[in-house]
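Numbering (my numbering), first residue to last: 1 to 188. Notes for the one structure printed next.
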């Protein structure tokens with residue numbers, strides 16, 4: 001157990017004095033949230049986030065295509081899920097793009113290189129089962145990829161880590177939704 005003054009001394013070793021914090025905050029104010037003590041590796045973080053951004057955009061496009069092309073009564077049920085997922089993936093893309101900009105990077109929305117940067121693939125299957133399997137595959141790729149990003153960000157960038165953890169949780173829900181839809185399809 002610490003005596004009251006020992007605890008105060010221990011906490012002061014980890015937190016800069018207020019004048020030092022204020023002086024650092026005044027430096028390069030045009031960088032916004034990126035303070036001088038921000039860890040190295042912002043370029044790598046932005047590159048990973050741009051890959052996640054591309055992944056989300058490709059997922060939006062794939063889900064939208066499946067929404068418009070799903071047929072039959074089972075297709076109508078799946079189409080509602082596809083549209084919901086497309087909307088959520090777009091929200092993820094917006095969060096990621098905002099974070100990249102916050103870090104001083106440029107969100108890469110170039111359609112010419114989108115598929116090359118994406119971890120997921122686009123899909124043009126016609127059968128509902130194949131659509132669901134393609135979407136489930138893409139979600140599983142995103143889940144693994146985002147888990148690796150979360151580990152990489154760790155304490156380097158806790159804000160990006162928390163954002164990707166929230167997106168990861170959503171991707172896991174999407175995978176569960178798709179598995180349930182696949183189980184409900186008649187065999188054949």
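C-beta: ideal position from N, C-alpha, C; glycine also.
Nearest-angstrom Cα distance between residue i and residue j?
i           : j           : result
residue 134 : residue 59  : 10 Å
residue 94  : residue 131 : 25 Å
residue 159 : residue 166 : 11 Å
residue 161 : residue 154 : 6 Å
residue 121 : residue 57  : 10 Å
residue 150 : residue 156 : 10 Å
residue 181 : residue 71  : 14 Å
residue 19  : residue 27  : 13 Å
residue 152 : residue 183 : 35 Å
residue 64  : residue 77  : 14 Å
residue 168 : residue 106 : 22 Å
residue 177 : residue 16  : 47 Å
Thinking C-alpha only, which one of the options is nearest residue i?
i           : options               : result
residue 46  : 137, 164 and 176      : 164
residue 86  : 70, 108, 62 and 98    : 62
residue 126 : 112, 75 and 182       : 75
residue 179 : 89, 146, 100 and 81   : 81
residue 69  : 109, 48, 123 and 20   : 123
residue 89  : 186, 185, 170 and 182 : 170
residue 48  : 146, 186 and 73       : 146
residue 100 : 16, 18 and 44         : 44
residue 129 : 79, 42 and 17         : 79
residue 173 : 148, 111, 187 and 84  : 84
Give the secondary structure of residue i by DSSP, where H, G and I count as helix, E and B as strand, and everything else as coil.
i           : result
residue 75  : helix
residue 181 : helix
residue 92  : helix
residue 122 : coil
residue 112 : coil
residue 169 : helix
residue 186 : coil
residue 70  : coil
residue 27  : coil
residue 107 : coil
residue 156 : coil
residue 127 : coil
residue 40  : coil
residue 135 : helix
residue 145 : helix
In its own chain, which residues sit with a C-beta less than 7 Å from the C-beta of residue i, not counting the 5 before and 5 after it?
i           : result
residue 175 : 136, 139, 140 and 143
residue 66  : 82, 131 and 135
Going along the chain, which residues of its own chain have a beta-carbon closer than 6 Å to the beta-carbon of residue i, five neighbours each way excluded?
i          : result
residue 51 : 117
residue 54 : 114, 117 and 118
residue 96 : 49, 52 and 53
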